[in-house]
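Worksheet for the structure shown next.
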Amino acid sequence: MRSGRGAAIAAVAGVGAVTTTLAGLVTNAVSAQARWPGWLRWLQHHPWLAFVMLGAVTAGLTALLAVLGDRRTEAQGVDPTSRPADGADPPGAALVLRSLPRDTTAFTNRSAELDSLVRSVRSAQESGETLPVHVIDGMPGVGKTAFAVHAGHLLADRFPDGQLFLNLNGHTPGRDPVQAGEALASLLTAAGVPTHRIPVSDDVGAVTEARAALWRSRLADKKALLILDNAASYRQLEPLLPGGSGCLVLVTSRKRLAGHEEVVLNVDALPPEHAVDLFVRLGGRPAGELDHGVLNELVRLCGYLPLGVSLLAARLRHHPSWSAEDLHERLVAAQDRLGELRAGERAITATFDLSYRDLTPERQRFFRRLGFYPGTELDAYIGAALGEASVVTARRHLDGLYDDHLIEEHPGSRYRLHDLLRDYARGLAAEGDSMDHTQSVQRVCTYYLSALAVANEHIVRSGATVPPPPDGAGQVETPAMESRVDALSWLESERANILACIRRANSLSLYDTVIRMAVAMAPFLRQAGPWDQAVGLHRTAAESARRLGDRQALANALAELGIVRRFMAAYPEAVEALNEAVTHYEAVGDRRGEADALNQLGIVWYLTADNDEAARAQTEALALYRELGYRLGQANALADLGMVWRQMSRFDAATETQSEALSIYRELGDRYGEANSLRDLGVVHCLMGSYSLAARHHEEAFDIYVELDDREHQAYALNESGVVQRLTGDIEGARAAHSLALTHFTDLGDRFGKANSVRLLGVVERVSGDARAGFRLLDEALTAYRELGSRGGEAASLSELGVARGMLGEREGAAEAFCRSLEIQRALGDRCGEAEVLNHWGMLLASSDPTEAREHFQRALERARDIRCPLEEARALEGIGRCDLAVDGPTGAEGVLRTAVTLYRRLGVSAAADEVEQLLVSQSG
Numbered sequence: 002m003r004s005g006r007g008a009a010i011a012a013v014a015g016v017g018a019v020t021t022t023l024a025g026l027v028t029n030a031v032s033a034q035a036r037w038p039g040w041l042r043w044l045q046h047h048p049w050l051a052f053v054m055l056g057a058v059t060a061g062l063t064a065l066l067a068v069l070g071d072r073r074t075e076a077q078g079v080d081p082t083s084r085p086a087d088g089a090d091p092p093g094a095a096l097v098l099r100s101l102p103r104d105t106t107a108f109t110n111r112s113a114e115l116d117s118l119v120r121s122v123r124s125a126q127e128s129g130e131t132l133p134v135h136v137i138d139g140m141p142g143v144g145k146t147a148f149a150v151h152a153g154h155l156l157a158d159r160f161p162d163g164q165l166f167l168n169l170n171g172h173t174p175g176r177d178p179v180q181a182g183e184a185l186a187s188l189l190t191a192a193g194v195p196t197h198r199i200p201v202s203d204d205v206g207a208v209t210e211a212r213a214a215l216w217r218s219r220l221a222d223k224k225a226l227l228i229l230d231n232a233a234s235y236r237q238l239e240p241l242l243p244g245g246s247g248c249l250v251l252v253t254s255r256k257r258l259a260g261h262e263e264v265v266l267n268v269d270a271l272p273p274e275h276a277v278d279l280f281v282r283l284g285g286r287p288a289g290e291l292d293h294g295v296l297n298e299l300v301r302l303c304g305y306l307p308l309g310v311s312l313l314a315a316r317l318r319h320h321p322s323w324s325a326e327d328l329h330e331r332l333v334a335a336q337d338r339l340g341e342l343r344a345g346e347r348a349i350t351a352t353f354d355l356s357y358r359d360l361t362p363e364r365q366r367f368f369r370r371l372g373f374y375p376g377t378e379l380d381a382y383i384g385a386a387l388g389e390a391s392v393v394t395a396r397r398h399l400d401g402l403y404d405d406h407l408i409e410e411h412p413g414s415r416y417r418l419h420d421l422l423r424d425y426a427r428g429l430a431a432e433g434d435s436m437d438h439t440q441s442v443q444r445v446c447t448y449y450l451s452a453l454a455v456a457n458e459h460i461v462r463s464g465a466t467v468p469p470p471p472d473g474a475g476q477v478e479t480p481a482m483e484s485r486v487d488a489l490s491w492l493e494s495e496r497a498n499i500l501a502c503i504r505r506a507n508s509l510s511l512y513d514t515v516i517r518m519a520v521a522m523a524p525f526l527r528q529a530g531p532w533d534q535a536v537g538l539h540r541t542a543a544e545s546a547r548r549l550g551d552r553q554a555l556a557n558a559l560a561e562l563g564i565v566r567r568f569m570a571a572y573p574e575a576v577e578a579l580n581e582a583v584t585h586y587e588a589v590g591d592r593r594g595e596a597d598a599l600n601q602l603g604i605v606w607y608l609t610a611d612n613d614e615a616a617r618a619q620t621e622a623l624a625l626y627r628e629l630g631y632r633l634g635q636a637n638a639l640a641d642l643g644m645v646w647r648q649m650s651r652f653d654a655a656t657e658t659q660s661e662a663l664s665i666y667r668e669l670g671d672r673y674g675e676a677n678s679l680r681d682l683g684v685v686h687c688l689m690g691s692y693s694l695a696a697r698h699h700e701e702a703f704d705i706y707v708e709l710d711d712r713e714h715q716a717y718a719l720n721e722s723g724v725v726q727r728l729t730g731d732i733e734g735a736r737a738a739h740s741l742a743l744t745h746f747t748d749l750g751d752r753f754g755k756a757n758s759v760r761l762l763g764v765v766e767r768v769s770g771d772a773r774a775g776f777r778l779l780d781e782a783l784t785a786y787r788e789l790g791s792r793g794g795e796a797a798s799l800s801e802l803g804v805a806r807g808m809l810g811e812r813e814g815a816a817e818a819f820c821r822s823l824e825i826q827r828a829l830g831d832r833c834g835e836a837e838v839l840n841h842w843g844m845l846l847a848s849s850d851p852t853e854a855r856e857h858f859q860r861a862l863e864r865a866r867d868i869r870c871p872l873e874e875a876r877a878l879e880g881i882g883r884c885d886l887a888v889d890g891p892t893g894a895e896g897v898l899r900t901a902v903t904l905y906r907r908l909g910v911s912a913a914a915d916e917v918e919q920l921l922v923s924q925s926g
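To convert a position in the sequence shown, counted from 1, into this note's numbering, add 1.
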């Protein structure tokens with residue numbers, strides 16, 4: 002590498018020597034003095050050839066220096082620390098860079114500011130004090146972001162846990178400032194937090210606080226660098242500040258931010274001599290050839306701002322025939338281009354205008370169209386849509402604009418307009434045809450619809466309907482997406498831009514486009530969330546459909562809204578949206594849509610344990626699917642109906658319907674549906690006492706979920722497996738399964754699944770003899786279920802809490818818990834749950850009032866036999882036998898107790914069987 006550099010230096014020196022020689026030859030040729038020897042005499046008689054040779058060599062030297070400069074520039078990439086509104090408008094999504102942007106060659110001096118920053122950081126780190134927030138403020142174009150990025154690169158080694166860069170859009174033309182909650186969601190995603198774990202809520206203040214708490218815990222004990230660029234106010238950025246003492250936060254803003262603990266670094270315009278030095282360094286001309294007075298005037302017209310100086314110097318560098326005086330004349334002539342701007346910015350705008358004029362007409366048109374782009378970053382595909390060009394042509398334009406300092410380059414062949422340049426491009430675009438704006442946005446949305454159609458082919462469930470591509474999609478170039486991983490990666494990268502395009506389309510009254518974009522984004526947002534973004538999107542689509550009077554589109558938007566509300570455990574809102582969707586589907590005669598909405602309604606009612614309504618909805622959906630011959634819909638309705646029958650303790654019906662669903666799923670090759678049916682069949686067999694069959698079904702389901710990389714349903718299968726392990730005596734295996742499930746649910750943000758895991762861990766602790774630990778966990782689960790409106794979960798938690806209270810000697814509290822649980826179980830029609838509560842209550846009473854206890858056990862026995870629940874039957878028989886033993890002695894109790902032992906042995910519940918047998922032996926002895 003050193004030898005290559007040496008050769009390059011030698012080449013530069015050689016070319017310089019030739020250039021000097023040619024310059025002398027030209028001078029002599031022009032002066033016509035002295036006669037040249039040999040073949041050079043011909044050159045003297047044709048001086049124009051010397052001019053040509055001088056120009057060619059100079060151009061070659063310029064190109065060679067540019068190549069050497071590019072080779073010295075390396076983009077740095079550091080791994081990250083580890084991995085919305087509720088109105089009608091769809092929420093935005095902030096874009097976070099997981100590494101620092103490339104350092105700029107336009108950075109100059111700032112040694113005093115850098116020294117101050119480095120001293121502050123070093124002092125805090127050496128003393129163990131909390132690093133203060135450093136706010137870098139100054140006027141637009143002064144180089145605040147460049148300073149922050151340069152300082153970040155300088156300090157990167159001190160923060161080995163990573164660097165993050167986030168633009169808060171505080172002063173971005175045409176874009177609202179990023180809300181704190183939105184910024185936190187993007188930061189958490191960039192830091193490796195799964196989107197399902199990011200808190201969501203309709204309460205903006207509450208969700209911002211929850212996300213901020215998660216963000217602070219994520220960066221606790223980390224040494225990370227966070228650059229918050231373009232902040233609007235201290236209120237906007239305060240929730241984004243890490244809680245750990247080892248994190249450095251650099252903030253840039255065009256305003257002076259009022260805070261309590263920040264260190265303010267004022268970045269003013271460059272001193273005139275530094276601005277001149279920067280111009281000379283970037284202009285590519287020897288300082289001795291430039292008039293110092295002209296240079297001072299040029300940098301003054303740029304306001305001594307680094308951005309303007311670097312752009313102006315680039316113009317001089319790219320035009321070897323221009324002098325500094327020529328450049329000054331051009332700049333003065335262009336200075337009134339945007340006279341309404343402030344004086345400091347007027348010179349910057351004039352610099353932009355001069356750069357723009359130097360573009361070819363085709364590239365000028367392409368640059369203007371960038372001002373119409375609603376998103377933050379773009380690539381060649383988006384550029385092609387905006388510019389009505391091929392991707393190859395768009396890439397050439399983007400590369401050219403980057404070379405001309407009119408656009409910034411980011412990792413992954415992506416580009417971004419600087420704030421001032423975005424404003425400039427938008428101003429130029431506004432001078433043209435107003436329809437061009439609308440048409441440009443339509444073209445971008447058509448591109449996104451085409452690309453989304455490709456992505457959805459990989460992520461939509463097998464057998465489900467894929468949103469169709471737009472008309473003319475065959476002529477639209479889209480990125481290659483060969484797998485589900487590729488599709489999800491592209492969707493995650495473009496999420497913020499797509500949502501911004503939907504917002505712009507909505508503001509332009511392109512309601513049909515809004516509707517189609519929402520439909521195309523629905524599969525991804527269903528899976529990836531955040532679901533509050535999806536709520537805003539589908540509300541916007543519904544409002545657009547109402548404006549158009551399109552009841553079909555309105556029904557589709559409401560159905561998607563209901564599904565997402567169900568995911569958020571907002572069950573009343575889900576029911577409202579889905580009921581309205583059913584009404585509109587009926588009105589337009591869409592039987593398939595009606596069936597889908599009824600199926601979703603049935604799921605919501607199942608989750609809230611409104612079993613009669615759930616069964617009715619699923620039965621109606623099943624009839625519609627059979628009428629339509631839609632096999633996947635039939636399987637879904639059967640599977641969901643089987644879950645309702647199981648929840649109602651109708652185990653035979655549950656087994657029959659779930660088995661039929663399983664058969665159809667296997668016929669269709671739907672692995673996801675197959676796994677769900679296997680898992681629920683396992684639950685039914687567990688309740689019926691077939692533990693080995695239940696364990697096998699759970700294991701099969703878990704393996705399929707692993708194959709599908711579905712962590713959420715892996716967690717559900719783990720919980721079901723843990724129940725079987727606990728009932729068959731493997732307490733540690735059960736604890737491990739529920740703990741792993743809890744981890745998955747917590748990471749994913751599944752509140753219902755998390756509550757289930759906490760409750761089941763509480764049962765494990767109670768069975769292990771630690772009543773206090775069990776009580777704490779069960780009480781936590783009870784609170785969660787009540788917040789979610791899950792009556793079934795509430796009843797199960799109360800039943801177990803009654804047992805724990807009894808173990809702790811709190812008999813009145815235990816009886817109260819049993820009474821409330823029994824009321825809920827009866828209201829739900831869960832006879833298996835009712836039998837379980839009666840057995841628990843009987844055990845509480847057995848020591849003090851065996852007669853009353855026996856009545857509870859007898860009622861439990863009747864319900865268990867009615868529904869064929871052998872475990873509760875065995876428990877009831879054991880309880881009856883113990884009560885008879887206490888009242889009448891061993892003669893009347895032995896037969897009942899031996900029947901209980903037989904049932905326990907058949908079920909494989911060895912511990913309970915051994916305990917009863919020991920009781921019988923002790924009585925016979």
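All residues carry an ideal CB built from backbone N, CA and C; glycine is no exception.
Since this is a predicted model, take the numbers as computed values, not measurements.
query: Taking C-alpha atoms, which residue in Thr852, Gly830, Arg832 and Ala861 lies nearest to asparagine 840?; result: Ala861
query: With DSSP run on the structure shown, which of helix, strand or coil describes asparagine 168?; result: strand
query: For arginine 417, which of helix, strand or coil comes out of DSSP?; result: strand
query: Can you tell me which of the three DSSP states threonine 253 falls into?; result: strand
query: In angstroms, rounded to a whole number, what distance separates the CA positions of phenylalanine 819 and glycine 803?; result: 6 Å
query: Output the boundary residues of the alpha helix (DSSP H) element that contains histidine 857.; result: 851–868
query: Measuring straight from C-alpha to C-alpha, what distance separates glutamate 75 and histidine 154?; result: Because glutamate 75 carries a pLDDT of 38, less than 50, the predicted location of this residue cannot be relied on, and no value is offered for it.
query: Give me the Cβ distance between aspartate 641 and glutamine 619, rounded to the nearest whole Å; I'm assuming they're in contact under 8 Å.; result: 5 Å
query: Using the beta-carbon count (16 or more within 10 Å), is aspartate 292 buried or exposed?; result: exposed
query: With DSSP collapsed to three states, give me the class of histidine 135.; result: strand
query: So isoleucine 199 packs on arginine 217, CB below 8 Å; how close in whole Å?; result: Not quite, the Cβ-Cβ distance comes to about 14 Å (not below 8 Å), so this is no contact.
query: Throw me the rounded Cβ distance for the tyrosine 512 and leucine 549 pair, which I believe falls under 8 Å.; result: 5 Å
query: Leaving out five residues on either side along the sequence, give the residues of the same chain with a beta carbon under 7 Å from the beta carbon of valine 765.; result: Arg727, Ile732, Ala735, Arg736 and His739
query: At which residue ranges does the region 237–315 contain complete alpha helix (DSSP H) runs of 4 or more residues, listed in the order of the chain?; result: 273–284 and 293–302
query: May I have the straight-line CA-CA distance separating glutamate 346 from threonine 361, to the nearest angstrom?; result: Residue placement at glutamate 346 is flagged as unreliable, the pLDDT there being 43, under the threshold of 50; the coordinate-derived value follows with that caveat. Their backbone Cα atoms lie some 25 Å apart in a straight line.
query: Quick check for students: name the residue ranges of the alpha helix (DSSP H) that lie wholly in the region 482–529, counting only runs of 4 or more.; result: 485–508 and 512–529
query: Considering only the alpha carbon of each residue, which of Arg651, Glu595 and Met649 lies closest to alanine 624?; result: Glu595
query: Would you tell me roughly how many angstroms separate the C-alpha atoms of leucine 492 and alanine 454, rounded to the nearest one?; result: 11 Å
query: Can you tell me which of the three DSSP states glutamate 478 falls into?; result: coil
query: Residues in the same chain with beta-carbon distance under 6 Å from glutamate 701, minus the five sequence neighbours each way, listed in chain order, please.; result: Leu679
query: With DSSP as the reference, label aspartate 359 as helix, strand or coil.; result: coil
query: Out of Ser311, Arg617 and Glu788, state which residue places its alpha-carbon closest to the alpha-carbon of aspartate 278.; result: Ser311
query: Answer yes if the region 664–682 comes into contact with the region 713–727, meaning at least three C-beta pairs across the two stretches below 8 Å, and no otherwise.; result: yes
query: Pull up the CB-CB distance for leucine 271 and valine 252, whole angstroms please, since I reckon it's below 8 Å.; result: In fact, because the Cβ distance is near 21 Å, the residues do not count as touching under 8 Å.
query: Determine the DSSP secondary structure at histidine 319, reduced to helix, strand or coil.; result: coil
query: With a Cβ-Cβ cutoff of 9 Å, do alanine 315 and leucine 296 count as a contact?; result: no
query: Can at least three beta-carbon pairs, one atom from the region 516–528 and one from the region 400–414, be found at a separation below 8 Å?; result: no
query: From the DSSP output, read off the bridge partner residues of glutamate 409.; result: Arg417
query: Starting from the N-terminal side, write out each stretch of the alpha helix (DSSP H) that is 4 residues or longer and does not extend beyond the region 798–846.; result: 812–829
query: Under the three-state reduction of DSSP, which class applies to leucine 229: helix, strand or coil?; result: strand
query: Below 7 Å CB to CB, which residues in the same chain sit around arginine 869 once its five sequence neighbours on both sides are set aside?; result: Phe652 and Met689
query: Between the alpha carbons of aspartate 116 and alanine 334, how many angstroms are there, rounded?; result: 40 Å
query: Reducing DSSP to helix, strand and coil, say where leucine 220 ends up.; result: coil
query: Where DSSP assigns a beta bridge to leucine 971, which residues make up the other side?; result: Residue 971 cannot be examined here, being either before or after the span of the chain that is shown, 2 to 926.
query: Here's a check: name, in chain order, each residue in its chain whose Cβ is nearer than 6 Å to the Cβ of valine 79, leaving out the five neighbours to either side.; result: Residue placement at valine 79 is poorly supported in this model, since its pLDDT is 34, which falls under 50; the coordinates still yield a value, given next. Once the five neighbours on either side are set aside, the close Cβ partners of valine 79 are Ser100, Gly163 and Gln164.
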